[in-house]
Amino acid sequence: MWAISTHEFKNLFKSIKAIVIVVFLTGMSLLVASLAENFANQFGDINTEGHYTAGLSATIIFFGMLFVFILSHDTISSEAQNRTMRFLVNKTSRRSIVMGKALGITLFWLTSVLISLVIVSLVAKQFFFETFLQCSVFLFYGACTALLISSLSKKGSESLFFGIIVSILLPAISFATVFIDTVWIQWVKYLTPYYYMDLSIAYLPIVCLLSIIILTVSIKIFERRDL
Amino acid sequence: MNIIEVNDLSKSFGNKNVVNGITMKVNKGEIYGFLGRNGAGKSTFINMLTGIINPSSGSFSLLGEDKIDRVKNRIGVLPDYSSFYDSMTAYNHLRFFSRIQGFNPTKEIIEHTLETVGLEKAKKKKLSQFSFGMKKKLGIAQAIINEPELLFLDEPTSGVDVESAIQIKELIDKLNKNGQTIFMTSHNLNEVEDICTKIGIMKNGEIHSEGTLRELKTTYQSSLTAQIKVGPAINKHARQEIDQFLNNEFQQFDWEDNRLIVNIQEEDDIPVLIRMLINKKIDIYSVHLIEPTLEEVFLERDVAI
Ligand SMILES: Nc1ncnc2c1ncn2[C@@H]1O[C@H](COP(=O)(O)OP(=O)(O)OP(=O)(O)O)[C@@H](O)[C@H]1O
Ligand SMILES: [Mg+2]
Numbered sequence: 001m002w003a004i005s006t007h008e009f010k011n012l013f014k015s016i017k018a019i020v021i022v023v024f025l026t027g028m029s030l031l032v033a034s035l036a037e038n039f040a041n042q043f044g045d046i047n048t049e050g051h052y053t054a055g056l057s058a059t060i061i062f063f064g065m066l067f068v069f070i071l072s073h074d075t076i077s078s079e080a081q082n083r084t085m086r087f088l089v090n091k092t093s094r095r096s097i098v099m100g101k102a103l104g105i106t107l108f109w110l111t112s113v114l115i116s117l118v119i120v121s122l123v124a125k126q127f128f129f130e131t132f133l134q135c136s137v138f139l140f141y142g143a144c145t146a147l148l149i150s151s152l153s154k155k156g157s158e159s160l161f162f163g164i165i166v167s168i169l170l171p172a173i174s175f176a177t178v179f180i181d182t183v184w185i186q187w188v189k190y191l192t193p194y195y196y197m198d199l200s201i202a203y204l205p206i207v208c209l210l211s212i213i214i215l216t217v218s219i220k221i222f223e224r225r226d227l
Numbered sequence: 001m002n003i004i005e006v007n008d009l010s011k012s013f014g015n016k017n018v019v020n021g022i023t024m025k026v027n028k029g030e031i032y033g034f035l036g037r038n039g040a041g042k043s044t045f046i047n048m049l050t051g052i053i054n055p056s057s058g059s060f061s062l063l064g065e066d067k068i069d070r071v072k073n074r075i076g077v078l079p080d081y082s083s084f085y086d087s088m089t090a091y092n093h094l095r096f097f098s099r100i101q102g103f104n105p106t107k108e109i110i111e112h113t114l115e116t117v118g119l120e121k122a123k124k125k126k127l128s129q130f131s132f133g134m135k136k137k138l139g140i141a142q143a144i145i146n147e148p149e150l151l152f153l154d155e156p157t158s159g160v161d162v163e164s165a166i167q168i169k170e171l172i173d174k175l176n177k178n179g180q181t182i183f184m185t186s187h188n189l190n191e192v193e194d195i196c197t198k199i200g201i202m203k204n205g206e207i208h209s210e211g212t213l214r215e216l217k218t219t220y221q222s223s224l225t226a227q228i229k230v231g232p233a234i235n236k237h238a239r240q241e242i243d244q245f246l247n248n249e250f251q252q253f254d255w256e257d258n259r260l261i262v263n264i265q266e267e268d269d270i271p272v273l274i275r276m277l278i279n280k281k282i283d284i285y286s287v288h289l290i291e292p293t294l295e296e297v298f299l300e301r302d303v304a305i
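Protein sequence lines correspond, in order, to chains A and B. Using the UniProt record's numbering, the first residue of the first sequence is number 1, and each one after it goes up by one. Using the UniProt record's numbering, the first residue of the second sequence is number 1, and each one after it goes up by one.
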């Protein structure tokens, strides 16, 4: 499991797409944080976590899913399609492979968020631990969902297609819950992480639990596949 | 303990039955050669045992364990159709794959393994620059690096040059002498004949014949051939008597100059022939027993079933 997660982690950092995304994330955070800093200087002290981290949080809530999916939608589907997976499944359990990948992807995002937050904290002169936790848990959910879609897809193109659809639908439906009262849409709200992001961090374990359920389903699906 | 034990194992893709209820076992220390035409289901069978595809029904155990995940670190596998990470070097592949199996090889072990398969010069090369045969060798390297107790090799020598094929054959033999049990498929019957201690012939998803090379050969319908070189001068009368005897006892025989060629049923027929010739005062210069090749056995079986 560790070997696979390290491999996944390093591979993500090696890709150009990942670097662009991390730079974008950091750029947005920094931009908003420095605006907040100017604001604070002009209008007295508003040194709250929200102002400094609004850029990062918003970027992650709106684009986080999409970013995770773009980078990791094919982590299982492509390896199954081009049959590199055949060398992995005869060496370790399929459960370890999926969990290793989930861990590697999550660690990649933790590191990226951490980089952005450290840079923001240089401006704000304090570290925003709550934001770090919230973003990490959100991205963990994203990683697990990406693995679910990847383990369901036969090909890389298939997982890309479904990944993009889901990464647009998930936030869209979540935001729709604010305006639409239909019962099923209200239910969906509790299954996606968006609703909990607005609440206190005490609700984060619920998101973790949802992610673990999604991960378990992915493992079961992957275990039944022929490679 | 049986190293491989398979019970009524089947696989179908859609409504096509590819493996039909195979029951078999492989003992410790054997080199089991699995033969069969293209599409017979050999790779499908190996892929089920190695966790690449799921059986439709039936069960099996490896190294006495039916939860295969528990013994994956004790087996080595060269799958049939598979590929590597193009941007990774040969060296890094071996290190990565070993680690997945929970084994952290030293630099010496990795280099030694690459050398064993003849890839020492390509150590730092990326896989995108590897030829088909080189990839096959790396496939063997990743299967043997952890000194597995059980080794599955699906066509280990197909696509490699003649010299490398011989080296791989010798390597398999050496690994086996070190105590590893090997299950392999091959279309190269000479190679199977040379190293395999047991052979299974698969057709239409079933094992139709199984046994040691000797067992397969003795049940071969066209039997054995005795080739006897006799003295140059045989008088006409003696020759007639001999022909008569052979006609009665063996039916199929032939003279090529002073060489008598007789199709016999078993080795015990040879003394009968020799006694008869001595009785007729014929000088015997040499006697050869010619066995059918595995190729002949295979082709005959394959047509017969
Ligand atoms: N994933 C799959 N889906 C559908 N059919 C398959 C699949 N894999 C294999 N088959 C079919 O199963 C049959 C057996 O294939 P298999 O690869 O096991 O044969 P083989 O004995 O290894 O042949 P070869 O000597 O060519 O390697 C073939 O007819 C093949 O078309
Ligand atoms: Mg095959």
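A virtual CB, placed ideally from N, CA and C, is assigned to each residue, including glycine. From a predicted model like this one, the values you see are computed outputs, not experimental measurements.
Neighbour list for residue i in chain B, Cβ cutoff strictly below 8 Å
i                     : result
residue 4 of chain A  : 100
residue 84 of chain A : 82, 83, 84, 85
residue 7 of chain A  : 96
Sequence-distant residues of its chain with Cβ nearer than 7 Å to residue i (five each side left out)
i                      : result
residue 203 of chain A : 196
residue 64 of chain A  : 138, 139, 142
residue 36 of chain B  : 42, 201, 202, 203
residue 27 of chain B  : 2, 3
residue 85 of chain A  : 79, 227
residue 161 of chain B : 133
residue 26 of chain A  : 115, 116, 119
Spatial distance of residue i from residue j (CA atoms)
i                      : j                      : result
residue 186 of chain A : residue 60 of chain A  : 22 Å
residue 295 of chain B : residue 70 of chain A  : 53 Å
residue 72 of chain A  : residue 184 of chain B : 36 Å
residue 87 of chain A  : residue 68 of chain A  : 25 Å
residue 24 of chain A  : residue 161 of chain A : 23 Å
residue 32 of chain A  : residue 53 of chain A  : 7 Å
residue 293 of chain B : residue 217 of chain B : 8 Å
residue 91 of chain A  : residue 76 of chain B  : 8 Å
residue 39 of chain B  : residue 112 of chain A : 49 Å
residue 228 of chain B : residue 257 of chain B : 11 Å
residue 80 of chain B  : residue 191 of chain A : 42 Å
residue 17 of chain A  : residue 147 of chain B : 39 Å
residue 129 of chain A : residue 55 of chain A  : 15 Å
residue 145 of chain A : residue 98 of chain A  : 12 Å
residue 115 of chain A : residue 29 of chain A  : 10 Å
residue 25 of chain B  : residue 180 of chain B : 16 Å
residue 174 of chain A : residue 51 of chain B  : 40 Å
residue 286 of chain B : residue 95 of chain B  : 57 Å
residue 198 of chain B : residue 33 of chain B  : 6 Å
residue 219 of chain B : residue 158 of chain A : 53 Å
residue 200 of chain A : residue 47 of chain B  : 50 Å
residue 178 of chain A : residue 213 of chain A : 25 Å
residue 49 of chain B  : residue 63 of chain B  : 12 Å
Partners in chain B for residue i, counting only beta-carbon separations shorter than 9 Å
i                      : result
residue 157 of chain A : Result: empty, since nearest Cβ-Cβ is about 18 Å, beyond 9 Å.
Residues that residue i contacts on chain A, provided the C-beta gap is smaller than 9 Å
i                     : result
residue 97 of chain B : 3, 87, 88, 91
Same chain only: Cβ atoms within 8 Å of residue i, ignoring 5 sequence neighbours per side
i                      : result
residue 159 of chain B : 132, 133, 136
residue 121 of chain B : none
residue 127 of chain B : 84, 85, 86, 87, 88, 89, 90, 93, 135, 138
residue 131 of chain A : 49, 53, 56, 57, 117
residue 194 of chain A : 61, 170, 171, 174, 175
residue 184 of chain A : none
Contact set for residue i: own chain, Cβ-Cβ below 6 Å, skip 5 residues either direction
i                      : result
residue 37 of chain A  : 123
residue 75 of chain A  : 101, 150
residue 104 of chain A : 5, 8, 9
residue 163 of chain A : 69, 73, 149
residue 5 of chain B   : 25, 61
residue 44 of chain B  : 11, 18, 19
Partners in chain A for residue i, counting only beta-carbon separations shorter than 7 Å
i                     : result
residue 50 of chain B : 90
residue 69 of chain B : 93
residue 77 of chain B : 90
Chain-ordered neighbours of residue i on chain B, where CB pairs are closer than 7 Å
i                      : result
residue 227 of chain A : 52, 53
Interface residues of chain A facing residue i [CB-CB closer than 8 Å]
i                      : result
residue 72 of chain B  : 90, 91, 92, 93
residue 142 of chain B : 87
* With distances taken from each beta carbon to the nearest heavy atom of ligand 2, which residues come in below 7 Å, in chain order? -> B:42, B:43, B:80, B:154, B:155, B:185
* Is there contact here, the stretch 86 to 102 of chain B with the stretch 51 to 69 of chain B, by at least three beta-carbon pairs under 8 Å? -> no
* Counting pairs of beta carbons, one from the stretch 200 to 216 of chain B and one from the stretch 51 to 66 of chain B, are three or more of them closer than 8 Å? -> no
* Asked: When the Cβ atoms of the stretch 159 to 179 of chain B are set against those of the stretch 187 to 207 of chain B, are three or more pairs found closer than 8 Å?
  -> With a cut-off of 8 Å, the stretch 187 to 207 of chain B and the stretch 159 to 179 of chain B count as touching, because enough Cβ pairs lie within range.
* Quick one: any contact between the stretch 8 to 17 of chain B and the stretch 206 to 213 of chain A, if contact means 3 or more CB pairs under 8 Å? -> With the cut-off at 8 Å, the stretch 8 to 17 of chain B and the stretch 206 to 213 of chain A do not touch.
* Asked: Between the stretch 7 to 14 of chain A and the stretch 107 to 119 of chain A, do at least 3 Cβ pairs fall closer than 8 Å?
  -> yes
* Asked: When the Cβ atoms of the stretch 273 to 286 of chain B are set against those of the stretch 241 to 260 of chain B, are three or more pairs found closer than 8 Å?
  -> yes
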